[in-house]
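Asker: Starting off with a structure, shown below.
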């Protein structure tokens, strides 16, 4: 049997090796964040870059005891191959948790994923054809852009205002395979879409026939009041909801979930099975063992209090150190400040200087679907990873590195809370 | 901004929901094995179907103590986000382990994956364009067919004989993106490719410019003598090697690895990052903590002895219960017997009857790239999951269910050991 070469390959730079890369490989680029994280491992660098939860809040003792119980009581089940859908009691917990937020879903609709990043990959795999339109906010979560890119979508930017994407933008996205939204404390923008806008968005999406992929990693990290109910509640048969245990418990166990209408859920399950058979059963049982008796009810207030304190510390530091021409909103939840610098600033160009001064951030262009036409003067800072004194010192170094230091410090311009800049 | 619909979608059966599936979704089918595994959960059914390692051999105490040490000594590192490449000491362990088998690789070439199933998905994602040729054995591992299918390859069957694929088949596959091979105790065939054939295959692949994807989940499960060195040693710059901890330790932690030439490895890493950011760090540290002091050197002989005993039990049971017209080879390693029944038998059709009689197997057509033209009289039995008395009873039920029971039992025809039927 002979096999003819097919058109469209991307020849690799290294001619000595015989691999012909798939066309989609050209869409995959090393994550800017990942490269930055490497830099920030240098001793003495204060990283305000990666979205790393505060490790000192990890409930280590609780996890350690739970791990021991799981391996004592159900070792064979925890360590054997397991169903692709996930551990049923954990699926039931997720369904009950969502029901308590006003979103009645069946446990059979819950697919446990290897982090919610896998949920994004599965959604891309099942819903995106090469050239099909996918609507995204601009800026949006870099990891989602990376997950979708290999499936070669044509990205359509959703216009927005301070309250989030505009309902009219969804009408204009008619024909898109889905619109990807982060209504709770968007990454990187930090905004939280108000209740009325959520209803309008869901209605506009339904009217336009544009399914919604609603990503909610940060919803539990609210510092003033809980966010409004998810869009999924308004249009359940047209919405895929993604959630995660990374931000509420620990990220290193890689546990997330997807909730989808049944017909789509069946496809996501098949894709999941082809990706990694199933999410580690031990990890699922471990997390369920920790949360089943209400542990998050005591743990989350501790996390919120600590992160609120750090948000306030960063707010103070930014106000103290950044000069004229800087704009930002105070986030009401989540993990990030999203800053707009003076027009001449290029945050990509300045990064090396900042790291040399001992502070790291993520340049804004990393978050734009069209990086070539993105503003160059934005950057993202995480306020959750380091403590208030390191935040103060990091922001001071940042101000100095970006040449907007002490001598040049009028009151900053702040826009209204919860804006998507 | 408007988004026009793109051609080629697969409309979903449920018209009430707005999701348009990607064309590739039509290639994803529910796993036959998975559906069978559900049936086998009925009480009283002896499952010889799934390739589940024997849970009673899981080193539970060792894992429990190691989990406790990891969470005592490095909890923050184990539970935080971690590098996409994997935990460096585990990568170094894999490199040293392969070097000891005569395959000198650098730890920097080792990418830790969420089970070796993820390695297959990554290889497909990076190397397969829609319509590009991929060469596979026929029959071959069902999970590989499922992993590759969403990338829409044109599958080319590699002809083989009792010693494995023919070198000439690789020459004929010129232009294929890669050839996927399982040289050690193939799933489902059970064959082990002899050393001379390995060299000839690697040379033929190099000459034809067809990269090799060498999957080795079972290499440590040998019952008579170790398998010959991997093909990767003969053509390292043209071979991707996949390995797994599922069969040597436990499957439920989902740990595997891919070893690739550097240029390809960089692409696989990018794809990995988009899939799930990284494999759970806790799981990587846990397994490394168990194996770093040589635990597998004592554990594997125990596993081999137990599985050898079960292989022999199944061999005896098959010889005792199966009648004329059955053919099989005694596997020298791995987990499976691959049986050819009498010409009129349809193992797919007979499955429900077998399950009703209290025994489950996997119908052979599940393993063929072209199921429509596959022989219907093959089936796969796992001999590792249940104990010898259950094996004896299961095979007796099988013989009865397939209507080839006690009254009709001449000596079976056996072909040479290690054949790929």
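Protein chains in written order, with the numbering used here: chain A, 1 to 421; chain B, 1 to 421. Using N, Cα and C, we set each Cβ at its ideal position, and we do this for glycine too.
Mind checking if residue 405/A is an interface residue toward chain B, Cβ cutoff 8 Å exclusive?
Answerer: Residue 405/A sits at position 405 when you count from the first residue of the first chain. At residue 405/A the pLDDT is 38, less than 50, meaning the model places this residue with poor confidence and gives no usable figure here.
Asker: With H, G and I counted as helix, E and B as strand and the rest as coil, what does DSSP make of residue 98/A?
Answerer: Mapped onto the first chain, residue 98/A falls at position 98. Here residue 98/A sits in helix by DSSP.
Asker: Ordered along the chain, which non-local residues of its own chain (more than five positions away) have a Cβ less than 6 Å from that of residue 392/B?
Answerer: Counting from 1 along the second chain, the entry for residue 392/B is found at position 392. 317, listed in sequence order.
Asker: Between residue 74/B and the rest of its own chain, which residues show a CB-CB distance below 7 Å, the 5 nearest in sequence each way excluded?
Answerer: By 1-based counting over the second chain, the position of residue 74/B is 74. The answer, listed in chain order, is 285.
Asker: Helix, strand or coil for residue 93/A? Go by DSSP, reduced to three states.
Answerer: Indexing the first chain from 1 puts residue 93/A at position 93. Helix, per DSSP.
Asker: Between which two residues does the alpha helix (DSSP H) carrying residue 45/B extend?
Answerer: Taking the first residue of the second chain as position 1, residue 45/B is located at position 45. That residue, residue 45/B, is in no alpha helix (DSSP H); it is neither H nor E in DSSP.
Asker: Quick one: is residue 18/B near chain A, going by C-beta distance under 8 Å?
Answerer: Stepping through the second chain from its first residue, residue 18/B is reached at position 18. Interface residue, yes.
Asker: Measuring straight from C-alpha to C-alpha, what distance separates residue 1/B and residue 367/A?
Answerer: For the purposes of this step, residue 1/B is identified with residue 1 of the second chain, where counting begins at 1. For the purposes of this step, residue 367/A is identified with residue 367 of the first chain, where counting begins at 1. Reliability of the predicted coordinates at residue 1/B is poor, the pLDDT of 35 falling under 50, and the value obtained from them is presented with this limitation in mind. If you take the alpha carbons of residue 1/B and residue 367/A, they lie about 19 Å apart.
Asker: Use the C-beta contact count for residue 230/A: other C-beta atoms within 10 angstroms, 16 or more gives buried, fewer gives exposed.
Answerer: Along the first chain, read from residue 1 onward, the residue named residue 230/A stands at position 230. By the 10 Å Cβ count, residue 230/A comes out buried.
Asker: Can the beta-carbon of residue 424/A be found less than 8 Å from the beta-carbon of residue 40/A?
Answerer: With chain A covering only 1 through 421, there is no way to say anything about residue 424/A.
Asker: Can you pull the chain A residues whose beta carbon is under 7 Å from the beta carbon of residue 248/B, in chain order?
Answerer: By 1-based counting over the second chain, the position of residue 248/B is 248. Result: empty, since nearest Cβ-Cβ is about 13 Å, beyond 7 Å.
Asker: Are residue 254/A and residue 93/A closer than 8 Å when you measure CB to CB?
Answerer: Reading the first chain from its first residue, position 254 is the one you call residue 254/A. Reading the first chain from its first residue, position 93 is the one you call residue 93/A. Cβ atoms of residue 254/A and residue 93/A: not closer than 8 Å.
Asker: Out of 61/A, 89/A, 85/A and 114/A, which one is the CA nearest neighbour of residue 280/B?
Answerer: Translated into the one-based positions of the second chain, residue 280/B becomes position 280. Here the closest residue by C-alpha is 114/A.
Asker: Are residue 227/A and residue 192/A touching if we call contact CB-CB under 8 Å?
Answerer: In the first chain, the residue the question calls residue 227/A occupies position 227. In the first chain, the residue the question calls residue 192/A occupies position 192. In this structure, residue 192/A lies closer than 8 Å to residue 227/A by Cβ.
Asker: Using a cut-off of 7 Å between C-beta atoms, extract the partners of residue 281/A located in chain B.
Answerer: Taking the first chain and counting its residues from 1, the one referred to as residue 281/A is at position 281. The contacting residues are 252.
Asker: Near residue 210/A, what residues of its chain come up, given a Cβ to Cβ distance below 6 Å and the 5 sequence neighbours on each side ignored?
Answerer: Within the first chain, numbered from 1, the residue matching residue 210/A stands at position 210. Within the same chain, residue 210/A has close Cβ partners 170, 173, 176 and 179.
Asker: Does any CB atom of chain A fall closer than 8 Å to the CB of residue 28/B?
Answerer: For the purposes of this step, residue 28/B is identified with residue 28 of the second chain, where counting begins at 1. Output row for residue 28/B: interface = yes.
Asker: Would you call the CB atoms of residue 334/B and residue 221/B closer than 8 Å?
Answerer: Translated into the one-based positions of the second chain, residue 334/B becomes position 334. Translated into the one-based positions of the second chain, residue 221/B becomes position 221. Taking 8 Å as the Cβ cut-off, residue 334/B and residue 221/B qualify as a contacting pair.
Asker: Mind listing which residues of the stretch 56 to 74 of chain B have their C-beta closer than 8 Å to chain A's C-betas, in chain order?
Answerer: Correct list: 56, 58, 60, 63, 64, 67, 68, 71 and 72.
Asker: If the cut-off is 9 Å on Cβ atoms, which residues from the stretch 103 to 118 of chain A count as contacting chain B, listed in chain order?
Answerer: 113, 114, 115, 117 and 118
Asker: CB residue 136/A to CB residue 111/A, shorter than 8 Å?
Answerer: For the purposes of this step, residue 136/A is identified with residue 136 of the first chain, where counting begins at 1. For the purposes of this step, residue 111/A is identified with residue 111 of the first chain, where counting begins at 1. Cβ atoms of residue 136/A and residue 111/A: not closer than 8 Å.
Asker: Taking 6 Å as the limit between beta carbons, can you name the residues of its chain near residue 216/B, skipping five residues before and five after?
Answerer: The sequence position of residue 216/B within the second chain is 216, counting from 1. The answer, listed in chain order, is 184 and 243.
Asker: Counting only C-beta atoms, is residue 209/A closer than 8 Å to chain B at any point?
Answerer: For this step, residue 209/A is matched to residue 209 along the first chain. Yes, contact with chain B.
Asker: Is the beta carbon of residue 223/A closer than 8 Å to that of residue 311/A?
Answerer: Taking the first residue of the first chain as position 1, residue 311/A is located at position 311. Taking the first residue of the first chain as position 1, residue 223/A is located at position 223. Yes; because the gap between Cβ atoms is below 8 Å, this pair is in contact.
Asker: Can you pull the DSSP bridge partners for residue 336/A?
Answerer: The residue given as residue 336/A occupies position 336 in the first chain. Answer is 382/A, bridged to residue 336/A.
Asker: For residue 267/B, return the contacting residues in chain A, with the cut-off set at a CB-CB distance below 7 Å.
Answerer: Against the second chain, residue 267/B aligns to sequence position 267. Within 7 Å Cβ-Cβ: 21, 25 and 28.
Asker: For residue 20/A, name the three-state secondary structure that DSSP assigns.
Answerer: Indexing the first chain from 1 puts residue 20/A at position 20. Three-state result, residue 20/A: strand.
Asker: In whole angstroms, what separates the C-alpha of residue 120/B from that of residue 386/B?
Answerer: As a working note, residue 120/B is residue 120 in the second chain. As a working note, residue 386/B is residue 386 in the second chain. Spanning the two alpha carbons is a distance of roughly 28 Å.
Asker: Please list, in chain order, the residues of the stretch 141 to 154 of chain B that have any C-beta partner in chain A closer than 8 Å.
Answerer: 143, 146, 147, 149, 150, 151 and 154
Asker: Cβ closer than 9 Å: which chain A residues qualify as neighbours of residue 345/B?
Answerer: As a position in the second chain, residue 345/B is number 345, starting the count at 1. What residue 345/B touches in chain A: nothing, since even the nearest Cβ is about 28 Å away.
Asker: Are residue 89/B and residue 288/B touching if we call contact CB-CB under 8 Å?
Answerer: On the second chain, position 89 is the one that residue 89/B refers to. On the second chain, position 288 is the one that residue 288/B refers to. A Cβ-Cβ contact shorter than 8 Å links residue 89/B with residue 288/B.
Asker: Compute the beta-carbon to beta-carbon distance between residue 264/B and residue 17/A, rounded to the nearest angstrom, for a pair I have assumed lies under 8 Å.
Answerer: By 1-based counting over the second chain, the position of residue 264/B is 264. By 1-based counting over the first chain, the position of residue 17/A is 17. Contact flag correct, Cβ pair sits at about 7 Å.
Asker: Which residues of the stretch 167 to 182 of chain B have a Cβ closer than 9 Å to any Cβ of chain A? Give them in chain order.
Answerer: 169, 172, 173, 174, 175, 176, 177 and 178
Asker: Using a cut-off of 8 Å between C-beta atoms, extract the partners of residue 128/A located in chain B.
Answerer: The residue labelled residue 128/A in the question sits at position 128 within the first chain. Correct list: 22.
Asker: For chain A, check one thing: does any of its Cβ atoms lie closer than 8 Å to the Cβ of residue 261/B?
Answerer: Taking the second chain and counting its residues from 1, the one referred to as residue 261/B is at position 261. Answer yes: the Cβ-Cβ gap between residue 261/B and chain A drops below 8 Å somewhere.
Asker: For residue 150/A and residue 126/B, I'd like the C-alpha separation in whole angstroms.
Answerer: The count along the first chain starts at 1 and reaches residue 150/A at position 150. The count along the second chain starts at 1 and reaches residue 126/B at position 126. Cα to Cα, the separation comes out at about 9 Å.
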